[in-house]
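Asker: Numbering (the numbering used here), first residue to last: 124 to 279.
Where a beta carbon is used, it is the ideal one built from N, C-alpha and C, also for glycine.
1. Return the first residue and the last residue of the alpha helix (DSSP H) that residue 223 is part of.
2. Nearest-angstrom Cα distance between residue 168 and residue 134?
3. Per DSSP, what are the beta-bridge partners of residue 178 in this structure?
4. Residues in the same chain with beta-carbon distance under 7 Å from residue 93, minus the five sequence neighbours each way, listed in chain order, please.
5. What three-state label does DSSP hand residue 251 in the structure shown?
6. Rounding to the nearest angstrom, what Cα-Cα distance links residue 205 and residue 156 in this structure?
7. Among all the DSSP beta bridges, which residues are the ones paired with residue 239?
8. Closest to residue 259 by C-alpha separation, out of 250, 210, 227 and 276, would be which residue?
9. What is the DSSP secondary structure of residue 139, reduced to helix, strand or coil?
10. Checking 9 Å against the spacing of the C-beta atoms, do residue 192 and residue 219 come in under that value?
11. Give me the Cα-Cα distance between residue 201 and residue 194, rounded to the nearest whole angstrom.
12. Name the DSSP beta bridge partners of residue 244, please?
13. For my contact list, residue 172 and residue 161 are in at a C-beta cut-off of 8 Å; report their separation, rounded to the angstrom.
14. Using the C-alpha atoms, what's the distance from residue 274 back to residue 207?
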C-alpha cells in the first residue's frame, strides 16, 4: 500500500509519500503520483491537501470512514496502474543518469531491453519513442556498478 491511513481515525489525516518502488526513481513519475492522489481525493471527498517535503498530507472531514477508505482503494488502484506503465527514454536517462547516446547504444545491444514503443504527431511528422519496463529500470538503478562497467568495459 502506498497510502498511510494509520492516523485516519485520530487526526483525520492520510499521508502519501511516493516510494521509489512506485516511481522507479523518476521525478516525473513522482509528480504524476502526487497529482493522481491529490485530484482523486479532491474530486471525491470534502478534504484539503497540504504539500510537504516529498509528499502530501490529506486532511479529511470524517463523516464516514468507509467512504474515505473506498477512495483510498481507488487511489491505490490508480497508483498500481501508474507503477506498471512503461517509462520513456528521457525518464530512463534521468533515473540511471545516462546519456541518450548510451541508452540508444545499450538498447541496440539488448542491455536495456525495450518494452515497446509509442507514437505521437509533431505537425505532419510522426515521431516514435521507445518505452522501457519500469521493473528492469529499477533493477539497473539498484546496480550502479553495472552502468559503470558498461561505460568502461576494459577497466578491471
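Answerer: Based on what the coordinates show:
1. 223-231
2. 16 Å
3. 175
4. Beyond the ends of the chain as shown, which are 124 and 279, falls residue 93; an answer cannot be given.
5. If DSSP states are grouped into helix, strand and coil, residue 251 belongs with the strands.
6. 7 Å
7. 254
8. 210
9. strand
10. At the C-beta level, residue 192 and residue 219 stay beyond 9 Å of one another.
11. Inter-residue distance for residue 201 and residue 194 is about 11 Å (C-alpha atoms, whole angstroms).
12. 249
13. 5 Å
14. 28 Å
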